[in-house]
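Asks: Numbering (our numbering), first residue to last: 865 to 1407.
Beta carbons are placed, not taken as given, at the ideal position from N, Cα and C, and that holds for glycine.
One structure, pasted below without further comment.
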């Protein structure tokens, strides 16, 4: 269903990427009629109709499954009720836990109850198995039916310079092994019944309030019963509750933290048991990714994907102004507007040699789920996907002297970023908080895990050096956005937006894709990247 005017192509239409067109797209996608664009809602239906209408008007071809515009994204949606049982037990004493204060859990099992019955708890350090780094925290320990307890981030995050582990996992820059998603996945592969991460604000990159903000709600990819995670519950223990747990068991958590930073660490039984029982509301939500494409002339089977996510946070409690829809104007209607403008510019040019795909992902805010569904069943083979160029949150405070690089040292696309930024008179600045692992927290990562070279444009990675006001002004923009409007109703279109800096970033992403679209060049992962070996294994497909 078309819900707003769209741009028809005409011979005299300007081909430059347009701030006016970007603004109109953002204003439209954040209207109340889209209800905050939550997956599976009436707002999604309207959003999908709008996106298809826009892609058609841009002159794109349907790029989805079987010649359609979309790809189904079946999502499991769960919400835990009030716990019937929630406790730790050690030394014949049982300690009742406060849900939300001491422990935060959710489930991704399609069951009406989530139950863990007096399961043995095992401390597994950082829960990392990284053969390429000579690291294995599990040492073949049997976790079937047990509860895995982890430290957050990487084994070298808290290491001093004189420790042997220093630099093994990139130092302060988080690797994939530091992400909570990896830790839960690895525990499930080993048959654990539950997995709990000990929260630390600095190592996690956010406080406890962020941990508990989903309020026991979770989304996952709907699976057949035999494919479900083994984890009945997954989540976090507060730092204080964890300290009490280890103290009650007669274990020194501080010493165990140090031991976990060594290669000879072995899992330690905590000598405690975890019991929990929750009622669960669960349903399968039908969502969709949307794709348009421009088929390549000479090498149509080689694909360049531009991606942004269409979903936001839907309806929430009224804010101070009474707004209930968390419509994500910047996160990520602005990204969608950017890739639409990139598509429009490509359509004004001669047919590219390679195929250009414009991907609007679902359920990014629920855990990169739309892009993960695609990566598990790709419409375009990952072996011959040239690159995935992602846009997710751009600064709206004006022109910048620099561009922020997310994931320094990963791939050669960052060299292309530097080259095209230089042509704009800009330099590359590395992200200021690499320990937060932003490289692993946007949709491009689903394809990176399959070996596809990727580049993420995200202004949350550091303060831009603005032409007007420098880094102080850039930091103010970031603090205002992340502190007040990130994932909130006030992430809304504003006439005060200055899109000059966003235009710089969108143009750089166009330039990178343009340089690949009319060439036979293949970007690569750099030595030391955890994704290089996977990409190298499919090299024959690109000869």
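Which one of 1070, 1216, 1276 and 985 has the shortest CA to CA distance from residue 1131?
Replies: With distances taken between Cα atoms, residue 1131 lies closest to 985.
Asks: For residue 1210 versus residue 1203, is the C-beta spacing smaller than 8 Å?
Replies: Not in contact: residue 1210 and residue 1203 (Cβ atoms no closer than 8 Å).
Asks: Have a look at residue 1376 and residue 1281 and give me their C-alpha separation to the nearest angstrom.
Replies: Each residue's alpha carbon lies about 7 Å from the other.
Asks: For the region 1362-1380 against the region 882-896, do three or more pairs of beta-carbon atoms, one drawn from each stretch, fall closer than 8 Å, so that the two count as touching?
Replies: Output reads yes: the region 882-896 touches the region 1362-1380.
Asks: Residue range of the beta strand (DSSP E) that residue 949 falls in?
Replies: Segment 949-954, the beta strand (DSSP E) holding residue 949.
Asks: Can you look up residue 1082 in the DSSP assignment and give me helix, strand or coil?
Replies: If DSSP states are grouped into helix, strand and coil, residue 1082 belongs with the strands.
Asks: Would you mind giving the Cβ-Cβ distance between residue 1216 and residue 1381, rounded to the nearest angstrom? I have them listed as a contact below 8 Å.
Replies: Correct: roughly 4 Å between the Cβ atoms.
Asks: Alpha carbons only, please: which of 1300, 1341, 1206 and 1355 is nearest the one belonging to residue 1185?
Replies: Comparing Cα-Cα distances from residue 1185 to each of 1300, 1341, 1206 and 1355, the minimum goes to 1355.
Asks: I need the straight-line Cα distance from residue 932 to residue 1152, nearest angstrom please.
Replies: Their Cα atoms are separated by approximately 12 Å.
Asks: Going along the chain, which unbroken runs of the alpha helix (DSSP H) with 4 or more residues stay wholly within the region 1211-1284?
Replies: If we require 4 residues or more, the alpha helix (DSSP H) runs fully inside the region 1211-1284 come out as 1233-1240.
Asks: Less than 7 Å between C-beta atoms, sequence neighbours within five positions excluded: which residues of the same chain meet that for residue 1075?
Replies: Excluding sequence neighbours, residue 1075 sits near 968, 1063 and 1100.
Asks: Unbroken beta strand (DSSP E) runs of length 3 or more, entirely within the region 1273-1352: which are they?
Replies: With a minimum length of 3 residues, the continuous beta strand (DSSP E) runs that stay inside the region 1273-1352 are 1291-1294 and 1318-1321.
Asks: Among 1000, 1026 and 1345, which has the Cα closest to the Cα of residue 1041?
Replies: If we check each option's Cα against that of residue 1041, 1000 comes out closest.
Asks: Go through its chain and collect everything with a Cβ distance to residue 1234's Cβ below 6 Å, but skip five positions before and after it.
Replies: Correct list, in chain order: 937, 1153, 1225, 1226 and 1227.
Asks: Excluding five sequence neighbours on each side, which residues of the same chain lie with their C-beta closer than 7 Å to the C-beta of residue 1285?
Replies: The answer, listed in chain order, is 1267, 1291, 1292 and 1372.
Asks: So, does the region 1167-1177 touch the region 1252-1259, judging by three or more C-beta pairs under 8 Å?
Replies: Contact between the region 1167-1177 and the region 1252-1259 is present, because at least three Cβ pairs lie under 8 Å.
Asks: Beta-carbon within less than 6 Å of residue 1208's beta-carbon, same chain only, minus the 5 sequence neighbours each way: which residues are those?
Replies: Result list for residue 1208: 922, in chain order.
Asks: Terminal residues of the continuous beta strand (DSSP E) containing residue 888?
Replies: Segment 883-893 is the alpha helix (DSSP H) holding residue 888; no beta strand (DSSP E) there.
Asks: Starting from residue 1000, follow its DSSP beta bridges and name the residues at the other end.
Replies: 993.
Asks: I need the DSSP call for residue 1108, collapsed to helix, strand or coil.
Replies: Helix.
Asks: Counting beta carbon pairs with one atom in the region 909-927 and one in the region 1111-1121, are three or more of them shorter than 8 Å?
Replies: Short answer: they don't touch.
Asks: So the alpha helix (DSSP H) residue 1120 belongs to, where does it begin and stop?
Replies: Segment 1117-1123, the alpha helix (DSSP H) holding residue 1120.
Asks: Taking C-beta to C-beta, are residue 1363 and residue 1248 nearer than 8 Å?
Replies: Contact: no.
Asks: Helix or strand or just coil, what does DSSP make of residue 1395?
Replies: Looking at residue 1395 - three-state DSSP - the assignment turns out to be coil, as it is neither helix nor strand.
Asks: How would you write the range of the alpha helix (DSSP H) that residue 921 sits in, first residue to last?
Replies: Element bounds for residue 921: 906-921.
Asks: So, under 8 Å CB-CB, residue 951 and residue 942 are touching, yes? Tell me the CB distance rounded to an integer number of Å.
Replies: Contact doesn't hold; Cβ gap of about 22 Å is too wide.
Asks: In terms of alpha-carbon separation, which member of 1383, 1056 and 997 lies closest to residue 1164?
Replies: If we check each option's Cα against that of residue 1164, 1383 comes out closest.
Asks: Tell me the start and end of each unbroken beta strand (DSSP E) in the region 1034-1074 that is at least 3 residues and wholly inside, in chain order.
Replies: For the region 1034-1074, whole beta strand (DSSP E) runs of length 3 or above, ordered along the chain, are 1058-1062.
Asks: Which residue from 1183, 1277 and 1334 puts its Cα closest to that of residue 1390?
Replies: Out of 1183, 1277 and 1334, 1277 has the C-alpha closest to the C-alpha of residue 1390.
Asks: Using 8 Å for Cβ pairs, my map puts residue 1275 next to residue 1393. What's the rounded Cβ distance?
Replies: Residue 1275 to residue 1393, Cβ: 7 Å. Contact.
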